[in-house]
Structures are given as C-alpha cells and as structure tokens.
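Q: One structure, pasted below without further comment.
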Amino acid sequence: MIPYDDVVDVHRFTHRRLSIHAATNVSKAHGAVRKRKEARTTTTPEMSSLALFLVLISSLLRWASAGTIPRQIECYSCMSLSYQNSWDHLQSTYHPPKVFTNRCNDPSLQKNIPTTLCGSVCVSLLEPDVEAGVFIGYKYIRGCLDRLLRNGFNQTALRTHRFNQIDQCRSLPRSHLFNPVRGMNQPMFGDVQLCSCYGEKCNGAASSVPSSLRWSPLTIAAVLVISWMLS
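The numbering of the sequence shown is the working numbering, which starts it at 1097 and goes up by one.
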C-alpha cells in the first residue's frame, strides 16, 4: 500500500506538469496571434513604394478614361484649290474644309486661314499634285483628324504609327492609311504624307517638321510599370 504522503506528492507533481504544459500552449497561441497581427500591420518600404505606385497608376488610368486630350483645340481647316476643281469626285472621300485656297500651302499666310474646333489632334495631309502625268508639287489638306475623311483613317494604322501620341510626319500608302469608301471598288494608289500635332493651330506649314513628343497617360503608365518591374 502506497503511503498517503506519496500519493499527495504524485498528485501535486502531475498537476504542476499539466499547469506548465497548459501555460506553454496558451503562450504559444498568444504568440501566433501576435505574429499574425504584426504581419497584417507591418508596412515595409517595398510595400509603401508599391502602394504609392498603384495610386499613381490609378490616377493616370482615370485621366486616360476621361480622354487622352482634355479639351478642344483649334486647327487650320483648308484645302488647295486643285481639290475644288475635282470636288464632284472627291466629296465622297473628304469632308469639305472651311475654305479652298492655295494659301493653304503658304506658311506666310496662315493668319488668313479659318480654323475649326477639334477634340482629337490637328493634321496636315500632303498629296502629290500631278497634271498631265507631271508631278508639279504637293497639294495640302489641313484640319482635324476626326473630320478630314468621310470614312475616317484606318485606326490600326493610327495606333501602329502613334499619330495620336507623338507629333510627327509619316509617308504611308494611301491604301494603308485611308478606310475604303463605302460602295466604291476603286483601288487607292500612291503614298500620302500625314503630319499630326496637338496644340492651338499647330497644323500650319511650319508643323511639317515634328518638334515635340506628346505622351498619352496609358503610355506613361506602361513606362512606369516597366521601370518599376526592372528596378
């Protein structure tokens, strides 16, 4: 028979072991909860940079969704006289300008050329002027990108060559740049030069040489994303 004092000692020892074990488990549980809270609340420099970067991208995309170009501008609107002489055949391709005049070709007489309001970009279109099979120079069309052609420009070509993003001039095949005229199967021959720019009356004769870059918000956002990924 085990003495009573020994039974009491065993009971006390077992109770002490259980208490220590329970306290250890509680401490571990509290530590795990504390670590989870710290993980949720701790902000590293990398996380701060990412948050700031995402806010910037969000702002740029909101700006882009409201339109790359925030306001209307004035563009010169004219055509060389030779277009008027053939207007019966050309009116299915082009919108009429404010005026037909050879002053459209002359950089010194821009102040006498009427303007039109434009919500996209100003453009100048140069086409070869040929008479009796002889090239005699260029004829000019100036106006707004959205209201120059009846069927509009080919949007794929505009995006590919970034006419809406960069002030520039490019010579392209007419068939590549123009949408075909509905109901007409006539092929389009030859090249034309298209110059685009954004600014008040920027499509004067002097604008045939691009002078500046114009980046859209989406382009800026893409550059920032690539820069952040490479950093």
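We treat Cβ as the ideally placed atom computed from N, Cα and C, and that holds for glycine. It should be emphasised that the depicted structure is a prediction, and the values quoted were computed from it without experimental measurement.
Using a 10 Å radius around the Cβ and a threshold of 16 neighbouring Cβ atoms, would you call Lys-1235 buried or exposed?
A: When all chains shown are included, Lys-1235 counts as buried.
Q: Taking the alpha carbon of Ser-1220 as the reference point, which residue from Ser-1271, Met-1284 and Pro-1193 has its own alpha carbon closest?
A: Comparing Cα-Cα distances from Ser-1220 to each of Ser-1271, Met-1284 and Pro-1193, the minimum goes to Pro-1193.
Q: What does a CB cutoff of less than 8 Å around Asn-1208 pick up in its chain, not counting 5 residues either side in sequence?
A: Once the five neighbours on either side are set aside, the close Cβ partners of Asn-1208 are Arg-1199.
Q: Run through DSSP, which three-state label would Thr-1211 get?
A: Three-state result, Thr-1211: strand.
Q: Assign Arg-1255 to one of two classes, buried (16 or more other C-beta atoms within 10 Å of its C-beta) or exposed (fewer than that).
A: With fewer than 16 other Cβ atoms within 10 Å, it is exposed.
Q: Bridge partners for Arg-1238 per DSSP, in chain order?
A: DSSP lists Cys-1174 and Ser-1220 as partners of Arg-1238.
Q: Compute the distance between the beta-carbons of Val-1277 and Leu-1222, then report whether it is under 8 Å.
A: No.
Q: Identify, in the order they occur along the chain, each residue of the same chain with its Cβ nearer than 6 Å to the Cβ of Ile-1237, setting aside the five sequence neighbours on each side.
A: Taken in chain order, the residues that qualify are Met-1175 and Leu-1221.
Q: Please classify Asn-1247 as buried or exposed, where buried requires at least 16 neighbouring CB atoms within 10 angstroms.
A: When all chains shown are included, Asn-1247 counts as exposed.
Q: Within its chain, find whatever has a CB closer than 7 Å to the CB of Gly-1239; leave out the 5 residues flanking it on each side and keep chain order.
A: Excluding positions up to five away in sequence, the list reads Cys-1171, Ser-1173, Pro-1193, Thr-1212 and Val-1219.
Q: Can you name the start and end residues of the beta strand (DSSP E) that Leu-1290 belongs to?
A: 1287-1293 is the extent of the beta strand (DSSP E) around Leu-1290.
Q: Mapping DSSP to helix, strand and coil, what is Ala-1162?
A: Legend: pLDDT at Ala-1162 = 48, less than 50; position of this residue unreliable, no value from coordinates given.
Q: Along the alpha helix (DSSP H) that carries Arg-1255, what are the first and last residues, could you check?
A: Looking at the DSSP string, the run of the alpha helix (DSSP H) that includes Arg-1255 is 1251-1256.
Q: Taking only three categories from DSSP, how would you classify Leu-1268?
A: Three-state result, Leu-1268: strand.
Q: Please report the Cβ distance between Pro-1210 and Gly-1286, rounded to the nearest whole angstrom; I am assuming they are in contact, meaning their Cβ atoms lie under 8 Å.
A: No, Pro-1210 and Gly-1286 are not in contact; Cβ-Cβ is about 28 Å, not under 8 Å.
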